[in-house]
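S.K.: One structure, pasted below without further comment.
4 protein chains.
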Amino acid sequence: MPVPPVRIGLIGAGRIGASHATVIARRVPEATLTVVADPRPGAASELAEPLGARGETSVEALLASDDVDAVVIAASSVAHAELITAAAEAGKHVFSEKPAGMSLAEISAARSAAAAAGVALQVGFNRRFAREFVEAHEAIVAGRLGAVRQLRSLTRDPGRGPSDPDVVPPWTIFTQTLIHDFDTLNWLNPGAQAIDVVATADSLTSPGHPTLLDHATVVIRYDNGAIATAEASFAATYGYDVRGEVLGSEGMVTMGEGARSSLRVHDAAGRVAATSHSDTELLIDAYTGELAEFALAVQQGRAPSVTGDDAFAAFAIAQACIDSMTSGARAGVAR
Amino acid sequence: MPVPPVRIGLIGAGRIGASHATVIARRVPEATLTVVADPRPGAASELAEPLGARGETSVEALLASDDVDAVVIAASSVAHAELITAAAEAGKHVFSEKPAGMSLAEISAARSAAAAAGVALQVGFNRRFAREFVEAHEAIVAGRLGAVRQLRSLTRDPGRGPSDPDVVPPWTIFTQTLIHDFDTLNWLNPGAQAIDVVATADSLTSPGHPTLLDHATVVIRYDNGAIATAEASFAATYGYDVRGEVLGSEGMVTMGEGARSSLRVHDAAGRVAATSHSDTELLIDAYTGELAEFALAVQQGRAPSVTGDDAFAAFAIAQACIDSMTSGARAGVAR
Amino acid sequence: MPVPPVRIGLIGAGRIGASHATVIARRVPEATLTVVADPRPGAASELAEPLGARGETSVEALLASDDVDAVVIAASSVAHAELITAAAEAGKHVFSEKPAGMSLAEISAARSAAAAAGVALQVGFNRRFAREFVEAHEAIVAGRLGAVRQLRSLTRDPGRGPSDPDVVPPWTIFTQTLIHDFDTLNWLNPGAQAIDVVATADSLTSPGHPTLLDHATVVIRYDNGAIATAEASFAATYGYDVRGEVLGSEGMVTMGEGARSSLRVHDAAGRVAATSHSDTELLIDAYTGELAEFALAVQQGRAPSVTGDDAFAAFAIAQACIDSMTSGARAGVAR
Amino acid sequence: MPVPPVRIGLIGAGRIGASHATVIARRVPEATLTVVADPRPGAASELAEPLGARGETSVEALLASDDVDAVVIAASSVAHAELITAAAEAGKHVFSEKPAGMSLAEISAARSAAAAAGVALQVGFNRRFAREFVEAHEAIVAGRLGAVRQLRSLTRDPGRGPSDPDVVPPWTIFTQTLIHDFDTLNWLNPGAQAIDVVATADSLTSPGHPTLLDHATVVIRYDNGAIATAEASFAATYGYDVRGEVLGSEGMVTMGEGARSSLRVHDAAGRVAATSHSDTELLIDAYTGELAEFALAVQQGRAPSVTGDDAFAAFAIAQACIDSMTSGARAGVAR
């Protein structure tokens, strides 16, 4: 094997961190998991050891480790920007879960830190690696759809809404959920720049928590005339739902259909297709793809295909949504 | 309206007769229902009168009526051939439900009677008028599939099998059910002639009635080398199922998917498409199409697109199935 | 037949008028076409006579006819309101193509005229009679989706945009096209009232005609908290596209999938489903259903299931879109 | 990592060998590829070295290697049985591509050799690890379909038939292709035993090579009354096609739909889903699954879930097909 696998230190042993740890250790041959860090006693070791890695309770220890070439950040979103900067300053390449920060200033600073350190910085926009979205992007880039005119991207979380509405930070639906759709729309409208947005959102699942926005519909105007809609819900009883649609002057693509596999069960209820009820099931190949891309970029000494600029551009739309919700009017998108 | 509608007398006020009566009266402007005949007291009138027609208890009265140009036979299958002959001799054009008779000799005689009387004779092979099958046939005739090589046609009745197994005549699955598939396969393999068949069938729904064949799989060889499979079941809990498939040297077509409409309900069970549970629902447009074709052929003084020859050819395969079941071996198909 | 068919006079022998004439004459047994009126010399007769009706060049002649119980208005949209009023004053029941007028005042006046005359007034919102939408509505009314939260309705016209952009009146995309979606959304969110809208639209197909809005995305807020999106395009190369989606607290429904039939052709290009390229093909059963409902309502002396109030409510959203486009801001919906 | 990965020696660096090598090296963390053997000069090294393994030209060298715990046989089918025996005698666990031998006697001998040596023996029936088939099997075993009554399994190879018909051994369609379907049908009809078969096959792609059977349809009767159809073609222009269907007393399952992903491209051609054109694309997750199962079974010291008995049972049906083709009649299946 000419190139040794990239040695990964994972920060954060929560739900998505656990998925990433397993993917790195078992599905990405270009990477190997060496360390997991999590401040909760035992959490890191419990995840790391069965995967052949070691646990640490301190990020500092992880960043100081000689056997860590690159870090994957799956900690709380509020810590992302700071961790990116710390990792970059420690000379580690960085893959960060989205968003790359909680404000454009934070993301800008993190991006600068990575650039100054000369390390790779990739953000976890998973749809860039989901097969149907990749094929759509290729068709669009190849000109098969002509000029892009009308788009839709949708994310719905499974279940009946947040179990503890009090702990959901303000604007989560924009900065954490729709951020995926904003990046997807930017990516599927290549070369275009978002101009402004108008956001409509409401609290529908949790009476008594009027500030918990759990359903949102955002309309984005692009400088090539394209009009995009991004929709999110925190309460889809039928499962985790990720879909997209792009209408161009020459044709349309649709992505996502909800069926978990090609199995159809036919009985008195009709023809039934099972659906996926978690992102880590629905998107497992995309999670693998994004981490493989990160490892390959590090191995090859090149920038990853999803960058800090993409993180900034997507968050700029999220920020405009917050502005639009605050003012009730259309809000411009920062560049 | 340049051409007056064809005045139809319907023989048989049972389940399919009732469907045909309504279709003629309400969905086929080229036809008008004038008389219904059924020997059961009141049955004909009950069906006919709300549709603006009159009831008769005797077929003879119907055939003697001046206001009947053509008859639609929906009586018991054992009476079909005799009724065709009687109608033809009375100078009436004839649409008969399948099969056109209970033996090749009966069908041959009925066909001759119609020819001698110079009346149109059409048999109720409904798939010839189901949209997806029509489109498949057009694609095949246009050469889009190249040479036809491997075919499948399938019919499954809804439910859990015959409610009274004792009244199901022998070989019903071949002469009443698969006869549709045999005609479909002949039609979708244009110009080819069935050579021989091997039939496999069993009694699976009704313990104690070993002679009630309720599941059957038939393989037919054609003189162009094509190999066809026809499958039937009397017990599909999920609904009435009609499907087809043709593989050619240049491509394949599939027909039938089971969903009743494009509605999909997504809930905790997954993504659910409702299915059709009766032929008169699933095939309503095909039933309309076949009766419209019959009326048009009569109006235009031409042969219908489905003829007594087609009835003979399909029954020849059913007869070969009976022979194959009796001998346990492959059986030739009469021409 | 206990009840005689309703005798219909059709106003307008254009594209949709021709479709309605054929549907009335051939697919709706409760109705009969007696007169067609169109000012263009010969146009009415050419359409009417093969269908057993007579042509007139004057609407007055049609409205004065004794053999006309009810009129179907398929004339230019700018004449709808005036024609509704004239027909009502002549004592004729009225089915009008959408919109029922070009302003809320016009629609209000037309609605009052019908009420004063005691005649039925139905507006041509065809999705109310499209099978998958009917099934969706039934599921929603039955509570299968729980509380309605997020909706989408979409209409795309086939082709590459208006052949003559100069003749397209201003705001056509809202008043003529999206009006269908506005009614659909109102209907699928039963009991809720639209509060306000924000419209985003642009001219993308016809350089040099900046006022021709050919793509539009509208977000509507309802008083039950539901957020709806209506999308339209005048340029779908892949065909006429009508789809819907409703997310509720208990599940989701989707309607429309684009395939013309269940035929799938598999060849080197992949698996191909043909699409519908005209409304009169895609919606033929819905057109039949709406005209049958109209005839039945007249026969039964009851109000049709789609009323002048529905026409007003849908146009109120269209008007709010015009206001929103003019101001650039969210605009309230009149009640 | 508590258990070290199983060290795999791969025999055969052809098309499927190359796929298996990559899967072992990159997608199965429980296994590591150490050696590849292929008699063609350089072939083994060329495949092995980029994957971190070494090449050998002799099977003997591979079998004598200390760093090989288990072998994966992807050599010519005629060598399978002999290689299984040799590997077993060398104390290596064995995964063999199907068929496990070219006769029931060969397979029986190989099975005995593995049993005598106490090594695991797994055969490459990939559908056992394809998600939709796994889900179908689970539904059947859970009783969701009730009693199994009518089955179908289908394999079609992409393209236009063998490029060199002369090199295709006799009966290939039964022993190499349909063997997958025979195993699938046995597996999806749990506990049932095949009784007899009738095979129909022909040479349709290669005029002048009448003995090259390239299309086949086989009907199998099981001792629980179930009737199964297995179909194969060597010439599907639309791609590699693997499908299944099981009708039970309580419902039906269908597996396989042909679309490569959920992307749908809509343009003037209609709605197009791309198809897979190779087994190594369509079945990559199944190939991964079967090799992971093998490695896990070796690690855990247990029998794999697909055994030599399954290999024997599937080949017994293939042998009965040969007998049926030879005699023209139904042929019994050996147990």
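Chains as they are written, first to last, in the numbering used here: chain C, 3 to 337; chain B, 3 to 337; chain D, 3 to 337; chain X, 3 to 337. All residues carry an ideal CB built from backbone N, CA and C; glycine is no exception.
Nearest to L298(D) by CA position, among D198(D), P31(D) and L12(D), is which residue?
M.R.: P31(D)
S.K.: Compute the Euclidean distance between the alpha carbons of A15(D) and A66(D), then round it to the nearest angstrom.
M.R.: 19 Å
S.K.: Within the same chain, show all residues whose beta-carbon is closer than 6 Å to that of V125(D), passing over the 5 residues directly before and after it, in chain order.
M.R.: S98, K100, A102, V308 and A313
S.K.: Once the 5 residues before and after M3(X) are set aside, which same chain residues still bring their CB inside 6 Å of it?
M.R.: In this predicted model, M3(X) has a pLDDT of only 46, less than 50, meaning its place in the structure is not dependable; the value taken from the coordinates is given anyway. Answer for M3(X): no residue qualifies.
S.K.: Determine whether the beta carbon atoms of S278(X) and R262(X) lie at a separation below 7 Å.
M.R.: yes
S.K.: Compute the distance between the beta-carbons of V38(D) and L49(D), then report whether it is under 7 Å.
M.R.: yes
S.K.: Can you grab the Cα-Cα spacing for the pair L46(B) / S79(B), in whole Å?
M.R.: In the sequence on display, residue 46(B) carries Ala and not Leu. About 18 Å.
S.K.: Would you call M327(C) buried or exposed, if buried means 16 or more other Cβ atoms sit within 10 Å of its Cβ?
M.R.: buried
S.K.: Give a yes or no on contact between the region 141 to 155 of chain B and the region 222 to 229 of chain B, applying the rule of three or more CB pairs nearer than 8 Å.
M.R.: Remark: three or more beta-carbon pairs, one from each stretch, lie closer than 8 Å, so the region 141 to 155 of chain B and the region 222 to 229 of chain B are flagged as touching.
S.K.: Decide if the region 239 to 248 of chain D is in contact with the region 276 to 294 of chain D; the criterion is three or more beta carbon pairs, one per stretch, under 8 Å apart.
M.R.: yes
S.K.: Can you name, in chain order, every residue of its own chain whose Cβ lies under 6 Å from the Cβ of R130(C), other than the five neighbours on each side?
M.R.: Contacts found: V308.
S.K.: Within the 7 Å Cβ cut-off, does A33(C) reach chain X?
M.R.: no
S.K.: How about A333(B) and A315(B): do their beta carbons lie closer than 7 Å?
M.R.: no
S.K.: Run through DSSP, which three-state label would Q124(C) get?
M.R.: strand
S.K.: Relative to chain C, which residues along the region 272 to 285 of chain B have a C-beta separation below 7 Å, given in chain order?
M.R.: G272, R273, V274, A275, A276 and T277
S.K.: In whole angstroms, give me the CA-to-CA distance for A270(D) and D216(B).
M.R.: 39 Å
S.K.: Can you find a C-beta in chain X that's less than 7 Å from the C-beta of M3(D)?
M.R.: Per-residue confidence for M3(D) stands at a pLDDT of 46, beneath the threshold of 50, marking its modelled position as unreliable; no derived number is given.
S.K.: Would T87(B) count as contacting chain C if we go by Cβ distances under 7 Å?
M.R.: no
S.K.: Is the distance from the Cβ of M257(D) to the Cβ of G246(D) below 7 Å?
M.R.: yes
S.K.: Since F176(D) and A238(D) should fall inside the 8 Å C-beta cutoff, what is the C-beta to C-beta distance between them, to a whole number of angstroms?
M.R.: Not really, about 18 Å apart at Cβ, beyond 8 Å.
S.K.: For H182(X), which of helix, strand or coil comes out of DSSP?
M.R.: helix
S.K.: How long is the line joining the alpha carbons of D68(C) and S110(C), rounded to whole angstroms?
M.R.: 28 Å
S.K.: Please report the distance separating the alpha-carbon of L64(C) from that of L35(C).
M.R.: 12 Å
S.K.: For V267(D), which residues in chain B fall below 9 Å Cβ to Cβ?
M.R.: E137, A138, A141, R146, L147, G253, M254, V255 and T256
S.K.: Can W173(X) and I324(X) be called in contact, C-beta distance under 7 Å?
M.R.: yes
S.K.: In the structure shown, what three-state DSSP assignment does G291(C) receive?
M.R.: If DSSP states are grouped into helix, strand and coil, G291(C) belongs with the helices.
S.K.: Scan the region 202 to 217 of chain X for residues whose Cβ lies nearer than 7 Å to a Cβ of chain F and list them as they occur along the chain.
M.R.: Going by chain labels, chain F is absent from the structure shown, which instead holds the protein chains C, B, D and X.
S.K.: At 4 residues or longer, and completely inside the region 52 to 132 of chain X: list those alpha helix (DSSP H) runs for me, N to C.
M.R.: Fully enclosed alpha helix (DSSP H) runs of 4 or longer: 61 to 65, 82 to 91 and 106 to 119.
S.K.: Closest to R29(D) by C-alpha separation, out of D183(B), D287(B) and D311(B), would be which residue?
M.R.: For R29(D), the closest of D183(B), D287(B) and D311(B) by C-alpha to C-alpha distance is D287(B).
S.K.: Looking at the structure shown, is L249(C) part of a helix, part of a strand, or coil, going by DSSP?
M.R.: strand
S.K.: Quick check for students: name the residue ranges of the alpha helix (DSSP H) that lie wholly in the region 254 to 331 of chain B, counting only runs of 4 or more.
M.R.: 281 to 284, 286 to 302 and 310 to 329
S.K.: Which first and last residues belong to the beta strand (DSSP E) in which E233(D) is found?
M.R.: I229 to A238
S.K.: DSSP on P160(C), reduced to helix/strand/coil?
M.R.: strand
S.K.: Residues of chain B with a CB under 7 Å from the CB of R133(D): which are they?
M.R.: S263
S.K.: If I'm right that R158(X) touches A234(X) with Cβ under 8 Å, what's the distance once you round it to whole angstroms?
M.R.: With 8 Å as the limit, R158(X) and A234(X) qualify as a contact, their Cβ atoms being about 7 Å apart.
S.K.: Since E259(C) meets chain X, which of its residues come closer than 7 Å, beta carbon to beta carbon?
M.R.: S264
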